[in-house]
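Trainee:
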Amino acid sequence: MIETIRSLGRWGLATFERIGRAHIFLFQVLAGIPGLAFRGSLVVQQLFYVGVLSFALILVSGLFVGMVLGLQGYNTLVDFGAEESLGVLVSLSLVRELGPVVSALLFAGRAGSALTAEIGLMKSTEQLSGMEMMAVDPIRRVIAPRFLAGFISMPLLAAVFSAVGIFGGYLVGHGLLGVDDGAFWSQMQAKTDWYGDVLNGVIKSIVFGFVVTWIALFEGYDAVPTSEGVGRATTRTVVHSAFAILGLDFVLTVLMFGG
Amino acid sequence: MIQNKSTEITVGMFVAAGIAALFVLAMKVSNFAEFNEEVGYKVIAEFENIGGLKVRSPVTMAGVRVGQVSNITLSPETYNAEVTLSFYADFDNIPTDTAANIYTAGLLGEQYIGLEAGAEDEFLQDGDVIYLTQPALVLEKMISQFLFSKAEGDE
Amino acid sequence: MPLIKIRDLHFYRGDKAIFEGVNIDIHRGKITAIMGPSGTGKTTLLRLIGGQLRPDKGTIEVDGQDVHQLSHAELYELRKRMGMLFQSGALLTDINVFENVAFPIREHTTLPESMIRDLVLMKLQAVGLRCARDLMPGELSGGMARRVALARAMTLDPMMIMYDEPFAGQDPISMGILVNLIHHMNNAMNLTSIIVSHDVTETAEIADFIYLLSGGKVIEKGSSVQLKKSSSPWVQQFMQGLPDGPVPFHYPGVSFSDDLLSPEEIS
Ligand SMILES: Nc1ncnc2c1ncn2[C@@H]1O[C@H](COP(=O)(O)OP(=O)(O)OP(=O)(O)O)[C@@H](O)[C@H]1O
Ligand SMILES: [Mg+2]
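Those protein sequences? They're chains A, B and C, same order as listed.
The numbers in the numbering used here rise by one with no breaks, and the one at position 157 of the first sequence is 157.
Going from the second sequence to the numbering used here is simple: count from 1 and add 259.
Going from the third sequence to the numbering used here is simple: count from 1 and add 414.
1) Is V436/C near ligand 1 - that is, is its Cβ less than 8 Å away from at least one heavy atom of it?
2) Kindly say whether G12/A, judged by its beta-carbon, lies nearer than 9 Å to any beta-carbon of chain C.
3) Given a cut-off of 9 Å on the beta-carbon distance, is the pair I620/C and L641/C in contact?
4) Would you say the stretch 389 to 409 of chain B touches the stretch 323 to 336 of chain B, given that touching needs at least three Cβ pairs under 8 Å?
5) Count the other CB atoms within 10 Å of the CB of K430/C; is the residue buried (16 or more) or exposed (fewer)?
6) Can you tell me which of the three DSSP states N360/B falls into?
7) On the premise that L94/A lies in contact with V230/A, defined as a C-beta separation below 8 Å, what is that separation, rounded to the nearest angstrom?
8) Would you say Q72/A reaches chain F, if we count a Cβ-Cβ gap shorter than 9 Å as a contact?
9) For a contact defined as C-beta to C-beta under 8 Å, what are the partners of T125/A on chain C?
10) I'd like to know whether the C-beta of I278/B is nearer than 9 Å to at least one C-beta of chain A.
11) Is there at least one non-hydrogen atom of ligand 3 closer than 8 Å to the beta-carbon of D578/C?
12) Quick check on P518/C - is its C-beta less than 9 Å from some C-beta in chain A?
13) M558/C and T507/C - do their beta-carbons sit closer together than 9 Å?
14) Could you name the residues of the stretch 290 to 321 of chain B whose beta carbon sits closer than 7 Å to any beta carbon of chain A, in the order they occur along the chain?
15) State yes or no: is the C-beta of D622/C within less than 9 Å of the C-beta of T457/C?
16) Shortest alpha-carbon distance to V563/C belongs to which of A516/C, M603/C and Q479/C?
17) In the DSSP assignment, what are the bridge partners of M708/C?
18) Going by CA-CA distance only, name the one from A340/B, K409/B, E381/B and M320/B that's closest to L374/B.
19) Determine, using beta carbons only, whether M466/C comes closer than 9 Å to chain A.
20) Does ligand 2 have a heavy atom nearer than 8 Å to the CB of K430/C?
21) Helix, strand or coil, according to DSSP, for F273/B in the structure here?
22) List the endpoints of the continuous beta strand (DSSP E) containing N703/C.
23) Which residues bound the alpha helix (DSSP H) around H620/C?
24) Taking its Cβ as the centre, do 16 or more other Cβ atoms sit within 10 Å of M573/C, making it buried, or is it exposed?
25) Per the DSSP calculation, F346/B is bridged to which residue(s)?
26) Could you check what DSSP says for L543/C in three-state terms: helix, strand or coil?
27) Using CA coordinates, which residue listed in R560/C, M529/C and I530/C is at the minimum distance from G542/C?
28) For ligand 1, enumerate in chain order all residues having a CB closer than 5 Å to any of its heavy atoms.
29) Please return the same chain residues whose Cβ sits closer than 8 Å to the Cβ of I261/B, not counting the five positions on each side in sequence.
30) Give the DSSP-derived three-state secondary structure of F623/C in the structure shown.
31) What residues are listed by DSSP as bridge partners for Y665/C?
32) Here's a check: name, in chain order, each residue in its chain whose Cβ is nearer than 6 Å to the Cβ of M576/C, leaving out the five neighbours to either side.
33) Compute the minimum distance between the beta carbon of Q466/C and the heavy atoms of ligand 2, and state whether it is under 8 Å.
34) Check the Cβ-Cβ distances between H482/C and every residue of chain A, and say whether any is below 9 Å.
35) Return yes when the Cβ of E118/A is within less than 9 Å of the Cβ of G220/A, no when it is not.
36) In the DSSP assignment, the alpha helix (DSSP H) including I519/C goes from what residue to what residue?
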């Protein structure tokens, strides 16, 4: 009994310590970002790995999610004779929720796990230590550019996801099911608010990008430097990112659309 | 480090695609274009009943959007709805005796405020009040009124 | 005045003591060897000197500066003047041999490309890998990787280099060349070298001074001639590599027979 409580306490302390380390890590990374102004090529390179390589996945997923939305939305709306509102339904669900959330989940799986594995492996093969001894701060040289790249990529990917998804909804709605295309676009425009809907969605994706990249890089940097440790860290990145995305999405939705 | 040229190009294309997507969301999907119009001045109108009117519902005159609803409260004295209309700066020549009605676009469509221009030479200023208002048509009310008058007529 | 002054160093890994009261002086322009059985903490000592680990007690001074009192920026400034060859090589795996050696130059200087090329080729020539410059680290053998790491440690012409097992995995020919290289660099450039190695004969040949570590303490120190004449059976066993003697080969713990006979371990 006492032993159980003790191990619970130990777990709690370890968790708090880890959260503390994650925050110190974040401050160190943020402090390294201004220096990147002179190292643009490092960021460009990471934008390639983090952003460009996730692009195809986001594009295809966005298209299909939009098409399914169009199909399901039409089937529901047509019962009320309101199929003209299909555009609104597709655009609002994508711009407010599905765009930021689904693209962040995909991003965590595609880019986040890769970041963790890469950093974890660099740690376990002493590459990070080696850099330190060459007087190159790995947080500035390796982590900060990846962080910035993730932070920049996520809102762009989410915007692409939403835009392509709306196009997918249009393809199905207009092309397949024959919704009037004037009504589709004009109703959408009338009901989708730039500040309230689109910008709030963008803010969501910026928050998600920040958190997912932070989790991914910290897990890699803090990984136990063994193959098992790196494997676990990679899994944790995906799981913790998913929790963080969905939890934060709820909080942000309440803050933005709740009142 | 030798920077691969094609890396730079694809990254450039990626960023451009992201920005283009945001642009599409702004111009084609949302009301960014209208929204960008500067809010010029605010006017209050009191309605007996606003039906399904909401904040951000459009305010139109002769079908042209001239502003939007920016606030709705309940007046503590009269128990009427106090609706704040924000006019775009361009439309600064609306007569003070303009009438405001609440209409519905289509049978199930959204509600909006339609203005009918008056004849005064003076124009509405920030903080003015529109007195000539007509409440929203509430479907249930209309039906019961109709039935009631039918019943009276039969007697 | 010594370049590195270690005083009363204590360091623990959990409950396990790695160092308990170690004093070491590393003199300028000399080659100092640190030897000891596997697992005594030689790599740990180098990491402590480099400021990557923090001692639990005691001080380490490098060039008059207490390494563990320095600010982040000062520590990095100091590290620019230290070279370190990692036991594992620690090459950056996503860039080729040439870029690995060029890495510290690119990070710390703004030299023109042609000059970087000359410098890198010079260092690679010294370790015999000039023509392997386009290989990726994954395509190198262990010994080759170590030599690339050595070239990289030398690129910035530091005031001191710490070599962690530079000879491990080298064939007799490249071993001889490396021994000469380290010796030669030390004399020609007035470099201070710290060599951690198990190759007693090679190391003793070039080392000006040797420290023997074991059990968290300095067991013996002196020049190789002095050590060879030492009366301590411990030193004799280590220097001659005899299997029997006071140095335990086994990681400390219960005896083998006790371990075999302990039934409670089987649950
Ligand atoms: N990260 C770590 N966590 C816990 N203990 C460690 C860690 N790294 C090393 N140790 C322990 O510290 C001791 C010293 O390790 P170190 O790597 O310094 O040995 P070494 O003298 O370099 O050995 P070798 O000659 O085999 O390289 C070892 O007993 C090892 O078990
Ligand atoms: Mg070692």
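C-beta atoms are modelled at their ideal positions from N, C-alpha and C, and glycine is treated no differently.
Mentor: Reading from the atomic positions:
1) Sequence index remark: in the third sequence, residue 436/C carries index 22 (1-based). Flag unset: Cβ of V436/C not near ligand 1.
2) As a position in the first sequence, residue 12/A is number 12, starting the count at 1. Answer no: the Cβ-Cβ gap between G12/A and chain C never drops below 9 Å.
3) As a first step, residue 620/C must be located in the third sequence, where it is residue number 206. As a first step, residue 641/C must be located in the third sequence, where it is residue number 227. No, these two residues do not count as a Cβ contact at 9 Å.
4) At 8 Å Cβ cutoff, the stretches do not touch.
5) Your numbering for residue 430/C matches position 16 in the third sequence. Burial is judged here by how many other beta carbons sit within 10 angstroms of a residue's own beta carbon; K430/C has fewer than 16 and is exposed.
6) Residue 360/B sits at position 101 when you count from the first residue of the second sequence. Here N360/B sits in strand by DSSP.
7) Looking up residue 230/A in the first sequence gives position 230. Looking up residue 94/A in the first sequence gives position 94. The Cβ separation is near 35 Å, so there is no contact.
8) Among the protein chains in the structure shown, which are A, B and C, there is no chain F.
9) Taking the first residue of the first sequence as 1, we reach residue 125/A at position 125. Chain C residues near T125/A: S502, A504 and T507.
10) Translated into the one-based positions of the second sequence, residue 278/B becomes position 19. Taking Cβ atoms only, chain A reaches closer than 9 Å to I278/B, which makes this a yes.
11) Questions concerning ligand 3 fall outside what the structure shown contains, since the ligands it does hold are ligand 1 and ligand 2.
12) The residue labelled residue 518/C in the question sits at position 104 within the third sequence. Using a Cβ-Cβ cut-off of 9 Å, P518/C counts as an interface residue toward chain A, since at least one Cβ of chain A sits closer than that to its own.
13) The sequence position of residue 507/C within the third sequence is 93, counting from 1. The sequence position of residue 558/C within the third sequence is 144, counting from 1. No, the Cβ-Cβ distance between T507/C and M558/C is not below 9 Å.
14) Flagged, chain order: N290, F291, F294 and R315.
15) In the third sequence, residue 622/C corresponds to position 208, counting from 1. In the third sequence, residue 457/C corresponds to position 43, counting from 1. No. Outside cutoff.
16) What you label residue 563/C is simply residue 149 of the third sequence in a count that begins at 1. In the sequence as displayed, the identity of residue 563/C is Ala instead of Val. Ranking the options by Cα distance to A563/C, first place goes to A516/C.
17) Nothing can be reported for residue 708/C, as the shown portion of chain C is limited to 415 through 681.
18) Taking the second sequence and counting its residues from 1, one reaches residue 374/B at position 115. Selected option, being the one with the closest Cα: M320/B.
19) Position 52 of the third sequence, counted from the first residue, corresponds to residue 466/C. The question names Met, but residue 466/C in the sequence shown is Gln. Chain A places a beta carbon closer than 9 Å to that of Q466/C, counting this residue as a contact.
20) As a position in the third sequence, residue 430/C is number 16, starting the count at 1. With a threshold of 8 Å, the Cβ atom of K430/C does not count as near ligand 2, since no heavy atom of the ligand is closer than that.
21) As a working mapping, residue 273/B is identified with position 14 in the second sequence. Three-state DSSP puts F273/B in a helix.
22) Outside the shown range of chain C, which is 415 to 681, sits residue 703/C, and nothing can be said about it.
23) Working through the third sequence from its first residue, we reach residue 620/C at position 206. One point to set straight first is that residue 620/C is Ile, not His, in the sequence displayed. Its alpha helix (DSSP H) spans residues V614 to I620.
24) Looking up residue 573/C in the third sequence gives position 159. With 16 or more other Cβ atoms inside 10 Å of its own Cβ, M573/C counts as buried.
25) Along the second sequence, one-based indexing puts residue 346/B at 87. In the DSSP output, where bridge partners are listed per residue, F346/B has Y300/B and G326/B.
26) If you number the third sequence from 1, residue 543/C lands on position 129. L543/C: coil per DSSP, three-state reduction.
27) Translated into positions along the third sequence, residue 542/C becomes position 128. The option with the nearest alpha carbon to G542/C is R560/C.
28) Having a Cβ closer than 5 Å to some heavy atom of ligand 1 are R427/C, S452/C, G453/C, T454/C, G455/C, K456/C, T457/C and T458/C.
29) Translated into the one-based positions of the second sequence, residue 261/B becomes position 2. Summary for I261/B: the model assigns pLDDT 46, below 50, so the residue's position carries little reliability; its value from the coordinates is reported in the next sentence. If you ignore the 5 residues before and after I261/B, its C-beta comes within less than 8 Å of no other C-beta in its own chain.
30) On the third sequence, position 209 is the one that residue 623/C refers to. It is a strand residue.
31) On the third sequence, position 251 is the one that residue 665/C refers to. Note: Y665/C sits in no beta bridge, so no partner.
32) For this step, residue 576/C is matched to residue 162 along the third sequence. If we look at M576/C and ignore the five residues flanking it on each side, its Cβ neighbours are L460, M498 and I608.
33) Residue 466/C sits at position 52 when you count from the first residue of the third sequence. The answer is no for Q466/C.
34) Counting from 1 along the third sequence, the entry for residue 482/C is found at position 68. Under the Cβ distance rule, H482/C does not count among the residues neighbouring chain A, no pair being separated by less than 9 Å.
35) The sequence position of residue 220/A within the first sequence is 220, counting from 1. The sequence position of residue 118/A within the first sequence is 118, counting from 1. Yes. Within cutoff.
36) Mapped onto the third sequence, residue 519/C falls at position 105. V511 to H522 is the extent of the alpha helix (DSSP H) around I519/C.
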